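Q:
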Amino acid sequence: MKKIDEILTVRSTMFAAISVLVLLAAIVTMGLLTPFLVKVTSGEGILLEAAYFNARTALPTLALVLVLAFCLMLGSAGRKEGLVVVGLGVLGSIVSAVLSPFSSMPINVAFPILSAALFAVVYKLLSSRGSNFSEKLRRTGSHIIHLGAILLLVGIVFSTNLNLEDSAIISLDEVSTFESMGYSIRITDFSSGMEGEPYGGYAGSAYVSTIDFDVYKWGRFFEHGQVKYIRDFKWGQSYTETYIHRGLLEELFIAPKSVDSKTQTVDLYVRKVPFMTFLWGGFYIMVLGIVLVFVSGSLSSGNRVSGNEGQAKMTKMTKNQNKAKSEMRRK
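Quick note on numbering: the sequence shown equals residues 13 to 343 in this note's numbering.
#1: Are L126 and I157 close, meaning C-beta to C-beta below 8 Å?
#2: Identify whether A89 lies in helix, strand or coil by the three-state DSSP scheme.
#3: Report buried or exposed for M26, applying the criterion of at least 16 other Cβ atoms within 10 angstroms of its Cβ.
#4: Could you give the residue range of the beta strand (DSSP E) that holds S112?
#5: Comparing alpha-carbon positions, which option in P113, E186, L20 lies nearest L80?
#6: Considering only the alpha carbon of each residue, which of V220, V278, Q276, D279 lies closest to S250?
#7: Tell me the DSSP secondary structure of I157 in three-state form.
#8: When the Cα atoms are used, what is the spatial distance from T275 to T222?
#9: I want to know whether the stretch 34–47 touches the stretch 55–69 - three or more CB-CB distances under 8 Å.
#10: Helix, strand or coil for V317, going by three-state DSSP, please let me know.
#11: Where DSSP assigns a beta bridge to I58, which residues make up the other side?
#12: Going by DSSP, which residues form a beta bridge with T252?
#13: I'd like to confirm the pairing. Which residues does DSSP put opposite E263 in its beta bridges?
#14: Relative to the C-alpha of I297, which residue among D201, L164, Y281 is closest?
#15: Would F170 and F287 qualify as a contact pair, given that the criterion is a beta-carbon distance under 8 Å?
#16: Would the beta-carbon of P118 fall within 8 Å of that of A70?
#17: Verify whether the separation of the beta carbon atoms of P268 and Y241 is less than 8 Å.
#18: Figure out for me which residue from L261, E253, L137, F245 has the closest Cα to the Cα of G87.
#19: Beta-carbon within less than 7 Å of D201's beta-carbon, same chain only, minus the 5 sequence neighbours each way: which residues are those?
#20: Which residues in the same chain as N173 place their Cβ atom closer than 7 Å to its Cβ, once the five residues preceding and following it in sequence are excluded?
#21: Drop a sphere of 10 angstroms on the beta-carbon of L264, count the other beta-carbons inside from all chains shown, and report buried for 16 or more, exposed for fewer.
#22: Quick check: what's the CA-CA separation for R151 versus V133?
#23: Distance, Cα to Cα, V317 vs L311?
#24: Less than 8 Å separating the beta-carbons of L280 and S183?
#25: Checking the sheet assignment: what are the DSSP bridge partners for M206?
#26: If you count every other CB in all the chains shown that lies within 10 Å of the CB of H236, and 16 or more means buried, which is it?
#27: Looking at the structure shown, is T152 part of a helix, part of a strand, or coil, going by DSSP?
#28: Tell me the DSSP secondary structure of E147 in three-state form.
#29: For K344, does the three-state DSSP call read helix, strand or coil?
#30: Under the criterion of a Cβ to heavy atom distance below 7 Å, does A109 qualify as lining the ligand MN?
#31: Go ahead and pull the three-state DSSP assignment for L100.
#32: Would you tell me roughly how many angstroms separate the C-alpha atoms of V32 and T73, rounded to the nearest one?
#33: Tell me, please, which residues DSSP counts as bridged to D224.
#34: With DSSP collapsed to three states, give me the class of K229.
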């Protein structure tokens with residue numbers, strides 16, 4: 013029976029990570045191809061919602077995060093420390109699933125594992141060393157990419173499982189409160205009219221309803237907003253211009269589902285998505301890490317070129333010195 017030190021090596025963990033990535037790619041590819049294959053074979057159109065992918069990719073994704081955490085700890089601290097971090101993440105996930113500190117089971121399970129991976133990334137980042145500046149920059153960039161990936165996963169898990177949504181029919185000068193989100197909306201102005209060039213017997217190409225409103229957060233004025241509901245006669249469709257507020261900890265999305273110009277009422281759809289900052293922040297941090305890796309590659313190639321030139325000069329100088337010495341001996 014092989015010892016655990018012979019099994020848990022860098023090569024084996026990399027193989028495990030690649031295997032899980034291939035599995036995830038296969039699941040996503042099958043999910044994307046299934047509607048197409050059904051359409052081709054039966055002529056019926058189907059739509060696979062996000063829940064289809066979430067249910068099938070949740071466990072492989074968490075396994076990939078655990079492998080990443082162990083691989084990082086293996087390179088910076090050791091096998092025992094890596095197993096401790098991974099074990100604490102799994103144990104915390106089990107305890108969290110039982111105690112349910114969050115309102116969502118996916119978050120209860122994923123948060124401790126993501127926290128363990130985040131600790132491993134930060135530990136690796138702080139303990140990274142390099143022989144020269146370009147090497148340090150390359151290692152720092154790669155670990156920053158890992159950090160961005162973990163934050164991106166945190167943002168995805170929290171934003172998809174903690175988002176709140178509701179809708180209400182609101183009249184002009186009326187206030188509607190969405191208690192679960194902590195927001196209230198008051199319609200301050202409602203105007204409708206034709207816009208664009210005349211088309212098909214209409215005075216314009218579109219009939220536009222513009223709704224102005226005030227947003228209150230926990231009873232206090234928050235911001236003024238505007239949405240539009242547009243019925244386009246030229247293209248035969250209706251679409252909306254929405255209100256989006258991107259804050260540090262959450263994103264607020266407001267859109268009109270339908271309007272009634274005669275009664276001046278609007279059916280507003282409101283969605284609150286928390287922790288979007290982690291998602292976007294993780295994405296930009298990953299981009300920063302990629303840039304650092306490219307810069308380090310350019311610096312190292314430049315150093316190699318200058319080093320080769322210096323070596324060539326030293327070789328040439330040595331040859332000249334040897335030639336001069338041999339001439340002196342002849343004389």
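The beta-carbon is built from N, C-alpha and C at its ideal position, and this holds for glycine as well.
Since this is a predicted model, take the numbers as computed values, not measurements.
A: On the basis of the data shown:
#1: no
#2: The answer is coil: DSSP assigns A89 none of H, G, I, E or B.
#3: exposed
#4: Unbroken run through S112: none, as it is neither H nor E.
#5: L20
#6: V220
#7: helix
#8: 14 Å
#9: yes
#10: Summary for V317: the model assigns pLDDT 49, below 50, so the residue's position carries little reliability, and this model does not support an answer.
#11: In the DSSP output, where bridge partners are listed per residue, I58 has none listed.
#12: Y241
#13: Looking at the DSSP output, E263 bridges to R258, V285.
#14: In this structure, L164 is the residue among D201, L164, Y281 with its C-alpha nearest to the C-alpha of I297.
#15: In contact: F170 and F287 (Cβ atoms closer than 8 Å).
#16: yes
#17: yes
#18: L137
#19: D224
#20: S116, P118, I119
#21: The residue is buried, with at least 16 neighbouring Cβ atoms inside 10 Å.
#22: 12 Å
#23: The predicted position of V317 is uncertain, since its pLDDT is 49 and thus under 50; a value taken from the coordinates is nonetheless stated next. One C-alpha to the other measures close to 10 Å.
#24: no
#25: According to DSSP, M206 bridges with Y219.
#26: exposed
#27: helix
#28: helix
#29: This structure leaves residue 344 out entirely; the chain is present only between 13 and 343.
#30: In the structure shown, the ligand MN is absent, as is every other ligand, since no ligand is present at all.
#31: helix
#32: Their Cα atoms are separated by approximately 8 Å.
#33: Answer is D201, Q238, bridged to D224.
#34: strand
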